[in-house]
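Take a look at the structure set out below.
In our numbering, the protein residues as written are 42 to 165.
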């Protein structure tokens, strides 16, 4: 399977790249098997709504595209909604990924969950 146009767009012109200076939720995950590392930054308001999300990813094109799409999908959502994001949601939004690249979407979902957990830990 080749990469879809949506994957290529999110890889070549990714959205939400970089660090949010005043992020109140940060999650980092990595896969030693492939070397991909994703760090997700969230700015969550007092009502639990994700006002901004960004990422820094070291990895392949599918990892960058997955990070870009996943952050785009959760902005404006509650942390409860965003926490339910599954890797299959990211894959579907990208129009599919080759089987050997599915792990990239798993990392994106896990990094978001880690960032939400970081926010909850800081708030507790």
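Where is the CB? At the ideal position from N, CA and C, for every residue including glycine. Since we're looking at a predicted model, the values are computed, not measured.
Item	Value
Alpha carbon to alpha carbon, how far is residue 107 from residue 142? Give it in angstroms, no decimals.	10 Å
Buried or exposed for residue 74, please, with buried defined as at least 16 other CB atoms from any protein chain shown within 10 angstroms of its CB.	exposed
Closest to residue 76 by CA distance: which of 105, 65 and 91 is it?	105
How close, in whole Å, do the beta carbons of residue 57 and residue 129 come, if the pair is a contact with beta carbons under 8 Å?	Wrong, their Cβ atoms sit about 21 Å apart, outside the cutoff.
Just reading off the alpha helix (DSSP H) that residue 126 is part of, what are its end residues?	Neither: residue 126 is in no alpha helix (DSSP H) and is coded neither H nor E.
Are the CB atoms of residue 135 and residue 153 nearer to each other than 7 Å?	no
Confirm, please, whether the CB-CB distance from residue 70 to residue 159 is below 7 Å.	no
What does DSSP give as the partner residue(s) for residue 97 in the beta ladder?	80
Just list the residues that DSSP pairs residue 90 with in beta bridges.	119
Are the C-beta of residue 138 and some C-beta of chain D separated by less than 7 Å?	As a matter of chain content, chain D is missing from the structure shown, which is built from one protein chain.
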